[in-house]
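Enquirer: My structure is below; once you've seen it, I'll send some questions.
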Amino acid sequence: MSVVGAGVREIRIRDEAGAFRVLYVTKLGEAIFVLHCFQKKTEQTSQADIDLAATRYRDLVKELNL
229 MSVVGAGVRE IRIRDEAGAF RVLYVTKLGE AIFVLHCFQK KTEQTSQADI
279 DLAATRYRDL VKELNL
């Protein structure tokens with residue numbers, strides 16, 4: 229998910245309730261930061277979900293002074 233930010237990864241989960249995604253980053257400091265979790269309703273990840281994760285990523289980078 230480089231469109232969100234450098235080092236952002238995605239976990240894809242599928243079960244009987246549907247498809248889910250977790251967007252996270254690990255290359256900022258010594259922690260894992262979950263940027264956004266959501267249930268997929270369509271084939272493509274919505275721009276709103278990508279924008280939200282990208283905003284949280286930028287805010288995190290500012291907060292950590294990176």
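Position in the sequence shown (from 1) plus 228 gives the number in this note's numbering. All C-beta atoms, glycine included, are put in the ideal place defined by N, C-alpha and C. These numbers were taken from a predicted model, which means no experiment stands behind them.
1. Just how far apart, CA to CA, sit LYS268 and GLY246?
2. Return helix, strand or coil for GLN272, following the three-state DSSP convention.
3. Tell me, please, which residues DSSP counts as bridged to ALA259.
4. Decide if GLY257 is buried, meaning its Cβ has at least 16 other Cβ atoms within 10 Å, or exposed.
5. How many angstroms separate the CA atom of GLY233 from the CA atom of ILE241?
6. Using C-beta distances below 6 Å, list every residue in its chain close to GLY235, excluding the 5 sequence neighbours before and after it, in chain order.
Expert: Answer, in terms of the structure:
1. For the purposes of this step, residue 268 is taken as the residue at position 40 of the sequence shown. For the purposes of this step, residue 246 is taken as the residue at position 18 of the sequence shown. Each residue's Cα considered, the two are about 7 Å apart.
2. Your numbering for residue 272 matches position 44 in the sequence shown. DSSP places GLN272 in coil when its eight states are reduced to three.
3. Position 31 of the sequence shown, counting from 1, holds the residue named residue 259. As far as DSSP is concerned, ALA259 takes part in no beta bridge.
4. What you label residue 257 is simply residue 29 of the sequence shown in a count that begins at 1. Result: exposed.
5. Taking the first residue of the sequence shown as 1, we reach residue 233 at position 5. Taking the first residue of the sequence shown as 1, we reach residue 241 at position 13. Approximately 21 Å between the Cα atoms of the pair.
6. Position 7 of the sequence shown, counting from 1, holds the residue named residue 235. Within the same chain, Cβ atoms closer than 6 Å to the Cβ of GLY235 are found at VAL253 and LYS255, the five residues on either side in sequence being excluded.
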